[in-house]
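Student:
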Amino acid sequence: MAAAAGRRAVTIGGKGSSLTPSSVFEVANGFARIAIDSSALSRRSSSSGSDAKFSFSIPDYFTPEEARASVVLLLNKLLLSSSSSACAQVVEILEQNALSSEYTLNDIASDDLVVIDYAVAAIDGVSAIIDHRSSAFSCIADAVAALSCEALGADLSPFNLMDSGDGSSAKDAVAVAADFKVFFNGSKLVNSGKKLSQYTVAEIPSVHGDFREVSRSLHSRTRVQLNSGFRVGSEKVMSNALFSLALSLSNLGDNSARRTELLVSTSFSDVELQSRLYSALTAQSPRPGALGELCASSLAALNKKDYLLCVHKMYELLDAVRNVVSLEAIAAFVSLAGSEIFIDRIGGENGSMSEPSSGDNPKTDKKKSEKKKKVVLGKGTAALMQFLKDRLLGGDAKSDLEKFAQDFQSLLDPKGLGFDDLLSKVKEIVESNESRRLPKLPKGTRDFAKEQMAVREKAFAIIAEVFKRHGAMCLDTPVFEMRETLMGKYGEDSKLIYDLADQGGELCSLRYDLTVPFARYVAMNGLTSFKRYQIAKVYRRDNPSKGRYREFYQCDFDIAGQFEKMGPDFEVIKILTELLDELDIGDYEVKLNHRKLLDGMLAICGVPQEKFRTICSSIDKLDKQTFEQVKKEMVEEKGLTEETADKIGTFVKHRGSPMELLSTLKQEGSEFLSNSEAELALNELEILFKALLKSKCINRVVFDLSLARGLDYYTGVIFESVFKGGTQVGSIAAGGRYDNLIGMFGTKQVPAIGVSLGIERVFNIMEQLQKDKNQEIRATETQVLVSILGDDLSLGAEVVSELWDAKLKAEFMVNKRVNKHIDRARGSKIPYMVIIGDQELSKGVVKLKDVAKVEEDEVPRGELVAKLQKLLNTSPYECHAQIVD
1 MAAAAGRRAV TIGGKGSSLT PSSVFEVANG FARIAIDSSA LSRRSSSSGS DAKFSFSIPD
61 YFTPEEARAS VVLLLNKLLL SSSSSACAQV VEILEQNALS SEYTLNDIAS DDLVVIDYAV
121 AAIDGVSAII DHRSSAFSCI ADAVAALSCE ALGADLSPFN LMDSGDGSSA KDAVAVAADF
181 KVFFNGSKLV NSGKKLSQYT VAEIPSVHGD FREVSRSLHS RTRVQLNSGF RVGSEKVMSN
241 ALFSLALSLS NLGDNSARRT ELLVSTSFSD VELQSRLYSA LTAQSPRPGA LGELCASSLA
301 ALNKKDYLLC VHKMYELLDA VRNVVSLEAI AAFVSLAGSE IFIDRIGGEN GSMSEPSSGD
361 NPKTDKKKSE KKKKVVLGKG TAALMQFLKD RLLGGDAKSD LEKFAQDFQS LLDPKGLGFD
421 DLLSKVKEIV ESNESRRLPK LPKGTRDFAK EQMAVREKAF AIIAEVFKRH GAMCLDTPVF
481 EMRETLMGKY GEDSKLIYDL ADQGGELCSL RYDLTVPFAR YVAMNGLTSF KRYQIAKVYR
541 RDNPSKGRYR EFYQCDFDIA GQFEKMGPDF EVIKILTELL DELDIGDYEV KLNHRKLLDG
601 MLAICGVPQE KFRTICSSID KLDKQTFEQV KKEMVEEKGL TEETADKIGT FVKHRGSPME
661 LLSTLKQEGS EFLSNSEAEL ALNELEILFK ALLKSKCINR VVFDLSLARG LDYYTGVIFE
721 SVFKGGTQVG SIAAGGRYDN LIGMFGTKQV PAIGVSLGIE RVFNIMEQLQ KDKNQEIRAT
781 ETQVLVSILG DDLSLGAEVV SELWDAKLKA EFMVNKRVNK HIDRARGSKI PYMVIIGDQE
841 LSKGVVKLKD VAKVEEDEVP RGELVAKLQK LLNTSPYECH AQIVD
C-alpha cells in the first residue's frame with residue numbers, strides 16, 4: 001500500500017459522511033483508501049479508558065477482497081457504536097499489504113465488548129461488495145442477452161409486455177422488456193422470419209426482472225446496514241436478502257448457459273469454427289452443475305446459521321454466474337461479428353493462422369463477404385458491438401480464439417480496467433431510449449390534466465382556508481436538505497430517503513416529509529412558538545402502487561411551543577376533521593393512540609426498551625398484514641419470544657369508542673396503571689377526549705391500540721385517518737406529538753405537534769367519486785367568450801381587453817363560422833358569449849348569448865361591461881372547478 005496517498009480517500013466518522021457499497025468495493029480492491037474524520041478520532045480517544053482486548057479471526061476461505069471489506073465495515077461500526085480508541089488500529093490493519101487471519105484490538109471499553117461482533121461487520125462488508133457488483137452485473141447481463149437475441153434471430157413477442165402497475169416483479173419484467181427494445185430498435189435480425197420461439201428467450205423478461213427486483217431489495221437493506229452499528233439479528237436480515245439473490249442468480253446463470261449452448265449449436269455453419277469456439281468456451285466455463293452446487297451450499301449454510309459461509313458462497317456464486325454470462329457474451333459476439341473478422345485473426349476455414357494465397361484478391365473477397373454477410377443490427381446492439389470490436393480487436397491480432405476469450409472475460413470483470421467503460425456504454429445505450437416514440441414518466445409520479453388541476457386548486461384553497469382559520473402562517477422550505485438533517489429521524493423508513501449526488505462537497509437528500517424541515521427551521525431561527533402550515537411536495541424512494549407515489553404533496557399544520565396541556569393536540573385533530581368534512585370525500589375515521597401508552601404496553605409485555613421502536617414498526621403493519629404475519633416478523637427477525645409476541649397480540653386487538661375504551665383501560669386492576677408511562681398517557685388522553693367530546697367531533701375518532709406510527713420522532717399522541725369508502729387508498733392523513741425533534745438539532749427542546757394530509761390519496765377518492773356519479777369537471781373559470789364573426793383580430797383585442805380591465809374572466813375567438821364559436825363555449829362550459837358580426841357593428845350593439853338557456857339579447861356596445869357584471873352575480877355556472885352532471 002505504498003501508493004496509498006495517491007488514491008481517493010473515503011472519509012468516515014465525520015458529520016454527514018457515510019459508506020456506500022461502491023466505496024466499500026473500491027477500498028476492498030485497493031482503488032481507494034479509508035480516512036477517519038479527525039473529530040471522530042478525538043471523540044473516541046477521549047472516551048477511552050480501558051485496557052480490555054477484542055480478538056477476531058478472518059475466515060481462511062475469504063478472498064482478499066472479502067477480507068478487506070469485512071475490516072472496513074468493522075471500522076465503520078466501531079465508529080458508530082463504540083467509544084474505544086481501537087479505530088486507528090483498524091486503519092493500520094487496512095494499510096497493510098496483506099491481511100492475516102488473526103487480529104487483536106487493544107484499549108477497548110468494557111461496555112463495547114458486549115456489542116462488538118466481527119461476524120456482523122463481515123457479513124455486511126461482503127454483502128456490500130455483492131450489492132455493488134449485482135447492480136452493475138444486472139445491466140451487463142441484460143446487454144449480453146440482447147446480443148444473443150440478435151444472434152439467434154429471436155421472436156420478440158415475449159417482450160411485448162404491458163405495464164401492470166402493481167409494483168411487483170411484474171413491473172421489473174416490463175422494465176426489462178422496454179430496455180431490450182432499445183437494443184433491438186431497427187434490427188432486421190430479430191423477428192426475421194426464423195421466429196425462433198425458444199424458452200431461454202421467452203424467460204428473459206421474468207428471469208432478468210426477478211434479478212432486478214431482488215438486487216434492489218438487497219441494496220435497500222445493505223444501505224441501512226452499512227451505516228448502522230452492531231445490531232442483534234442483523235446478520236439474519238442480510239442473509240435472508242441474500243437467500244432470494246442466490247435463487248435469482250442461479251436461474252439467471254442457467255438461462256444464460258442454455259442460450260450459450262443454443263448459440264454454438266445453431267449460429268455457425270463453419271463446423272471447424274464451431275468446434276474451436278466450443279473448446280474455447282469449455283476451457284473457461286464452470287464445470288456442469290457448479291452453479292446449482294454453489295446455490296445449494298449457500299442455502300445450506302444459511303439453514304445452519306453459518307452466516308459467514310453463506311455470504312462467502314454467495315460471493316462465489318456471483319463470480320460463477322458472471323463467468324457464465326461472459327461465455328454467452330463471447331458466443332453472441334463471435335456469431336454477430338461474422339467469420340470475416342476472424343479470417344486474419346483466427347484463420348478462415350480451418351481455424352489456423354494463415355496468409356492469403358497469391359491468387360486471392362482481398363478487395364474482391366471483402367466485397368463478396370460484405371454482400372453475403374450484410375446484416376442490420378438494432379441501434380443499441382450495433383453500438384455495443386462496435387464498442388466491443390474497438391476494445392477487443394482494435395489492436396494487435398489475437399494469437400488464437402482461446403486468448404480472445406480470455407480477453408473478453410477480463411473486460412467483463414468488475415475489477416478490470418475496461419469494465420467501467422463497458423458499463424457506461426450499456427447505460428448510455430439504454431438511457432438513449434430511441435425506440436420509444438413517446439417519453440415515459442418515472443414510476444411513482446403522475447401528470448395532472450386540466451380537469452384534475454381544477455379540483456386540486458379548489459382542494460388546496462379549502463385546506464389553506466381551514467389552516468388560516470386557526471391562525472397558522474405559511475412557510476416554505478427547500479425541496480432538499482442536508483442529508484444529516486434527515487437521517488436518524490424516521491427509523492426503518494430512513495431507507496426510503498432519496499439521496500442526491502455529492503455537489504460542492506455537500507451530501508444532500510430530497511425531503512421525506514415537511515415535519516423535519518419545519519423542526520430544522522424552528523431550531524435554526526431560535527423560535528419558541530410558531531403555528532405554521534405548508535403545502536409542498538415530498539419524495540420517497542418507495543415501491544409505487546395504486547395510491548402510493550414517490551412524489552406527492554403533503555399539507556401540513558404544526559404547532560410548536562408551550563401551551564395549555566393537550567390544547568394543541570385537540571386543535572390539530574379538530575383541524576383534521578374540519579379538513580376532511582369540508583373536502584366532502586365521504587365517511588372516514590381517525591384512529592388515535594399514544595406513544596407512551598404503546599411504550600408502557602411493550603414494557604408490560606416484556607419487550608426490551610432498545611427494541612421499542614423496531615417493534616412499533618412491526619405493529620404499525622397491522623393495517624396491512626394479519627397478526628400472524630406481524631408476529632412472525634417480531635419473533636424471527638426481531639428476536640422476541642413467542643410468549644411476548646402473543647401478549648402484544650392480546651393488547652393490540654383493543655379498539656373502540658374513545659371514552660368507553662379509556663374507561664376500561666383505567667379501571668381498577670388494569671395492567672396499564674402499573675406502568676408510569678402508560679398511566680401518564682391515559683390521563684392525557686382523558687383530557688383530550690373530553691375536549692373532543694365538547695367540540696362535537698369525537699364521533700370521528702376511534703381509540704386503537706394497534707396504531708403505532710413507525711416514525712421515530714413521535715413522543716405522545718399519534719393519529720391516522722382512514723377512508724371508509726370503496727376506494728382503497730390506505731391512510732389519508734396522519735400526525736402526532738414530537739416533543740424532542742426540534743431539540744435534536746442542538747437547541748433547547750421545543751414541544752410540537754402536527755398533522756399531515758396526504759392530498760394525493762384524497763384526490764384519488766374525489767376522482768373516483770366523480771366517476772361513480774358520472775360527473776365531469778369544468779377545467780377553466782372563463783365567464784365570457786368574445787366571438788368575432790370574421791377575421792378582425794383588432795376588434796377582438798379591443799373588446800376582450802375591456803372585459804379583462806374590468807377583472808372579468810374572458811377569452812376571445814376570431815372565426816367566420818358561428819357554430820365554431822358555440823361549440824367552443826359549450827365544450828368549455830363558458831356561461832356567456834359576446835357575438836359581434838357586421839350586422840352588430842353597423843347597429844352599434846353586441847349580441848349577448850346565455851349559453852345554458854340558449855337565449856340572446858342585443859346590448860348597446862357601451863353597456864356591455866356593466867351588463868355582464870350584473871349577470872355574472874347570478875350565473876348558472878360556477879366560476880371555478882365546477883363539477884357538472
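This note's numbering applies: residue 1 is where the sequence shown begins, and numbers increase by one. C-beta atoms are modelled at their ideal positions from N, C-alpha and C, and glycine is treated no differently. Quick caveat: nothing in here was measured; it's all calculated off a predicted structure.
(1) Please classify glycine 844: does DSSP put it in a helix, a strand, or coil?
(2) Applying the 10 Å Cβ sphere with the 16-neighbour rule, what's the burial state of aspartate 704?
(3) If you drop the 5 nearest sequence neighbours on each side, which residues of the same chain put their C-beta closer than 7 Å to that of tyrosine 61?
(4) Between leucine 99 and chain B, is any beta-carbon pair separated by less than 8 Å?
(5) Suppose you measure from the CA of serine 695 to the CA of glutamate 686; what does that come to, to the nearest Å?
(6) Run through the stretch 74-162 for me and flag every whole beta strand (DSSP E) of 3 or more residues, listed as ranges in chain order.
(7) From arginine 7 to valine 27, what distance separates their C-alpha atoms?
(8) Express the C-alpha separation of phenylalanine 570 and cysteine 295 in angstroms, rounding to a whole number.
(9) Indicate whether glutamate 242 and cysteine 310 have their beta-carbon atoms separated by less than 8 Å.
(10) Rounded to whole angstroms, what is the Cα-Cα separation between glycine 165 and alanine 173?
(11) Taking the beta carbon of lysine 363 as the centre, do at least 16 other beta carbons fall within 10 Å, making it buried, or is it exposed?
(12) For lysine 724, which residues from the same chain have a beta carbon less than 7 Å from its beta carbon, with the 5 sequence-adjacent residues on both sides left out?
(13) In the DSSP assignment, find the alpha helix (DSSP H) that holds asparagine 764 and state where it starts and stops.
(14) Could you give the DSSP three-state label for asparagine 593: helix, strand or coil?
(15) Which residue or residues does DSSP assign as beta-bridge partners of proline 414?
(16) Return the first residue and the last residue of the beta strand (DSSP E) that tyrosine 533 is part of.
(17) Using a Cβ-Cβ cutoff of less than 7 Å, which residues in the same chain neighbour alanine 202 once the five nearest sequence positions on both sides are dropped?
(18) Do you know offhand how far arginine 469's Cα is from glutamine 452's?
(19) Helix, strand or coil: which one does DSSP assign to asparagine 361?
(20) Relative to the C-alpha of glycine 471, which candidate in Glu802, Tyr512, Thr515 and Lys531 has its C-alpha closest?
(21) Roughly how many angstroms lie between the CA atoms of leucine 19 and glutamine 609, to the nearest whole one?
(22) For serine 721, write down the residues that DSSP places opposite it in a beta bridge.
(23) Leaving out the 5 sequence neighbours to the left and right, which residues in its chain are closer than 6 Å to phenylalanine 184 when beta-carbon positions are compared?
(24) Which word fits glutamate 660, buried or exposed, when buried means at least 16 other C-beta atoms lie within 10 angstroms of its C-beta?
(25) Could you tell me whether the stretch 566-580 touches the stretch 793-812, where touching means 3 or more Cβ pairs closer than 8 Å?
(26) Rounding to the nearest angstrom, what Cα-Cα distance links phenylalanine 627 and threonine 782 in this structure?
(27) Among residues of its own chain, excluding the 5 on either side of valine 321, which ones have a beta-carbon nearer than 7 Å to its beta-carbon?
(28) How would you label tyrosine 512, buried or exposed, when you count the other beta carbons within 10 angstroms and need 16 or more for buried?
(29) Inspect the beta-carbon positions of tyrosine 533 and threonine 477 and report whether they are closer than 8 Å.
(30) Quick one: what's got a C-beta closer than 6 Å to leucine 156's C-beta in the same chain, skipping five residues either side?
(31) What whole-angstrom Cβ distance do isoleucine 140 and leucine 486 have, given they're in contact under 8 Å?
(32) Distance check for arginine 737 and leucine 598, CA to CA, integer angstroms please.
(33) Are the Cβ atoms of isoleucine 753 and proline 568 separated by less than 8 Å?
(34) Based on Cα-Cα distance, which residue from Leu576, Ser663 and Ala806 lies nearest to glutamate 465?
Tutor: The short version:
(1) coil
(2) buried
(3) His312
(4) You won't find chain B in this structure, because it holds only one protein chain.
(5) 14 Å
(6) 102-108
(7) 10 Å
(8) 57 Å
(9) Here residue 242 turns out to be leucine, not glutamate, going by the sequence shown. Cβ atoms of leucine 242 and cysteine 310: closer than 8 Å.
(10) Per-residue confidence for glycine 165 stands at a pLDDT of 44, beneath the threshold of 50, marking its modelled position as unreliable; the derived number appears in the next sentence. Cα to Cα, the separation comes out at about 11 Å.
(11) Residue placement at lysine 363 cannot be trusted, given a pLDDT of 46 that sits under 50; the coordinates are not used to answer.
(12) Closer than 7 Å at Cβ, skipping near neighbours: Asp587, Tyr588 and Glu589.
(13) 759-772
(14) strand
(15) Paired residues: none, contrary to the question.
(16) Bounds of the beta strand (DSSP E) holding tyrosine 533 are 530-539.
(17) Taken in chain order, the residues that qualify are Pro158.
(18) Rounded to whole angstroms, arginine 469 to glutamine 452 spans 26 Å at the Cα level.
(19) Confidence at asparagine 361 is low in this model, with a pLDDT of 48, below 50, so the placement of that residue should be treated as unreliable; the coordinate-derived value is given next. Assigned with DSSP and collapsed to three states, asparagine 361 falls in coil, not helix or strand.
(20) Lys531
(21) 28 Å
(22) According to DSSP, serine 721 bridges with Val590 and Ala733.
(23) Val190 and Gly378
(24) Glutamate 660 should be labelled exposed.
(25) no
(26) 54 Å
(27) Leu249, Leu252, Gly253 and Leu291
(28) buried
(29) no
(30) Val190 and Asn191
(31) About 33 Å; that fails the 8 Å criterion.
(32) Looking at the two C-alpha atoms, the distance is approximately 14 Å.
(33) yes
(34) Leu576
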